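Below is one structure, written out as structure tokens; the observations come after it.
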Amino acid sequence: SWCSLLFSYDWVGIPLVYTQVVTLAVYTFFFACLIGHQFLDTDQGYQGHDLNIYIPIFTLLQFFFYAGWLKV
Numbered sequence: 168s169w170c171s172l173l174f175s176y177d178w179v180g181i182p183l184v185y186t187q188v189v190t191l192a193v194y195t196f197f198f199a200c201l202i203g204h205q206f207l208d209t210d211q212g213y214q215g216h217d218l219n220i221y222i223p224i225f226t227l228l229q230f231f232f233y234a235g236w237l238k239v
């Protein structure tokens with residue numbers, strides 16, 4: 168019957184792609200955050216953006232949190 172054929176394939180291990188998908192999603196999200204936090208061109212004279220050179224602390228903290236969460 169079809170059920171016995173299905174049970175005969177029980178020995179085949181299915182690779183766990185969850186970890187690869189989550190890792191790719193975390194790195195893609197971090198890359199998108201870095202692209203979103205680029206510096207502004209100071210020659211353009213944007214109003215209210217006098218100082219735009221900074222380290223994105225919350226983005227780095229978010230990345231370290233997610234990367235550490237991947238190790239769990």
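Heads up: the sequence shown begins at 168 in our numbering, then just goes up one per residue.
All residues carry an ideal CB built from backbone N, CA and C; glycine is no exception.
Just so we're clear, the structure is a prediction, and the values are computed from it rather than from any experiment.
Counting along the chain, no alpha helix (DSSP H) covers phenylalanine 206, and no H or E run does either. Excluding five sequence positions before and after threonine 186, the CB atoms of its chain that fall closer than 8 angstroms to its own CB belong to Leu237, given in chain order. Residue nearest to glycine 203 within the set Ser175, Thr190 and Thr226 is Thr226 (criterion: CA-CA distance). Valine 193 and glutamine 214 have their C-alpha atoms spaced approximately 33 angstroms apart. Distance from the CA atom of valine 189 to the CA atom of glycine 235, rounded to whole angstroms, is 12 angstroms. For serine 171, there are no CB contacts under 6 angstroms within the same chain when 5 residues up- and downstream are skipped.
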